[in-house]
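Take a look at the structure set out below.
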Amino acid sequence: MSRRKKIYEGKAKILYEGPEPGTLVQYFKDDATAFNAEKHAVIEGKGVLNNRLSEFFMQGLTAIGVPNHFIRRLNMREQLIRAVEIIPLEVVVRNIAAGSISKRLGIEEGTQLPRPIVEFYYKDDALGDPLVSEEHIIAFNWATQQDMDDMVALALRVNDFLSGVMLGAGIRLVDFKIEIGRVYEGDFQRLIVADEISPDSCRLWDIKTGAKLDKDVFRQDLGDLADAYTEVASRLGLIPKNGSGSSRPKLVN
Ligand code: TMP
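Count along the sequence shown from 1, then add 111; that gives the number in this note's numbering.
See below:
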């Protein structure tokens, strides 16, 4: 069997060459990192959960006409995706103040924002992914004005969709991050949602108790991360309620 070509390895995923031109295989690792990889652990089962959750969200987006990279799931940890040219920005949408906006602007965590706020961070680990403005993005040619408009529109559609899906599962969508990529179709290019949508890149709070069901559980040492993600997957109907008797994913280091 020939060894497949690794295209890129990030903190939580690996990209391999896909079976056809224009495709990639996205492998979800069990690694969890926070604070620009200062904190790291391997959470058994996290990759499997995120592969399934990202599939679910991307398929939902496809169903409502929001273009994204997902083609099909291949196995427990891998999915086939469209290759894109990633725009080097993290697009964050916030509904409720938490995390860096609370710190930066002194807004109490949990405060409902007057409207969804879209922010852009320049993807550069060495710089710690700094917040950037539209001026920076256009001046440094990371994206055009048209791309900016398209990115905001995409991000807000994802926000509406995810907020609704989460509400149905008794979960408040506090904020999330997406990445967007460029695809070329003949003479045209368009932007599509790429990377992943999972509890690694969202803040999800239980509507009744306020319990955190996302990567903050790991960032803030609030408990077992795989338990939190399992709860999200189970509420969304992706895995049987209260387990299937198999051993629970757990922290291994
Ligand atoms: P922040 O409050 O730390 O800026 O995070 C906003 C959202 O973006 C939150 O849902 C977590 C997500 N996020 C990532 O997915 N990757 C990152 O590197 C960071 C800093 C945040």
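Beta carbons are placed, not taken as given, at the ideal position from N, Cα and C, and that holds for glycine.
On a predicted model such as this, the values are computed, not experimentally measured, just so you know.
Compute the distance between the beta-carbons of residue i and residue j, then report whether it is under 9 angstroms.
{"i": "V204", "j": "V269", "result": "yes"}
{"i": "I308", "j": "L164", "result": "yes"}
{"i": "D311", "j": "G292", "result": "no"}
{"i": "N161", "j": "L172", "result": "no"}
{"i": "R314", "j": "D327", "result": "yes"}
{"i": "E196", "j": "K234", "result": "no"}
Could you check where the alpha helix (DSSP H) with residue i kicks off and where it finishes?
{"i": "N206", "result": "No alpha helix (DSSP H) holds N206; the beta strand (DSSP E) holding it covers L200 to I207."}
{"i": "K157", "result": "K157 to A174"}
{"i": "E342", "result": "L336 to R346"}
Relative to the C-alpha of residue i, which residue among the options is closest?
{"i": "D236", "options": "A148, D332 and L216", "result": "A148"}
{"i": "R283", "options": "G133, V243, R346 and E246", "result": "R346"}
{"i": "D317", "options": "F329, K122 and Y340", "result": "Y340"}
{"i": "D142", "options": "L135, L185 and K157", "result": "K157"}
Could you check if residue i belongs to the surroundings of the ligand TMP, using beta carbon to heavy atom distance under 8 angstroms?
{"i": "I118", "result": "no"}
{"i": "L311", "result": "Sequence inspection shows Asp at residue 311; the Leu mentioned does not correspond to that position. Yes, since a heavy atom of the ligand TMP falls inside the 8 angstroms radius drawn around the Cβ of D311."}
{"i": "V203", "result": "yes"}
{"i": "G121", "result": "no"}
I'd like the span of the beta strand (DSSP E) that includes residue i, first residue to last.
{"i": "K117", "result": "K117 to E120"}
{"i": "K352", "result": "That residue, K352, is in no beta strand (DSSP E); it is neither H nor E in DSSP."}
{"i": "R268", "result": "Element bounds for R268: not the beta strand (DSSP E) but the alpha helix (DSSP H), Q256 to G279."}
{"i": "V229", "result": "Q223 to Y233"}
{"i": "H151", "result": "K150 to V153"}
{"i": "F139", "result": "T134 to F139"}
{"i": "I248", "result": "Per DSSP, I248 belongs to no beta strand (DSSP E); it is in the alpha helix (DSSP H), E245 to A250."}
Look up residue i in the DSSP assignment and give the residues it is bridged to.
{"i": "Q86", "result": "For the chain, the structure presents residues 112 to 364; residue 86 sits outside this window and is missing."}
{"i": "F287", "result": "V204 and C313"}
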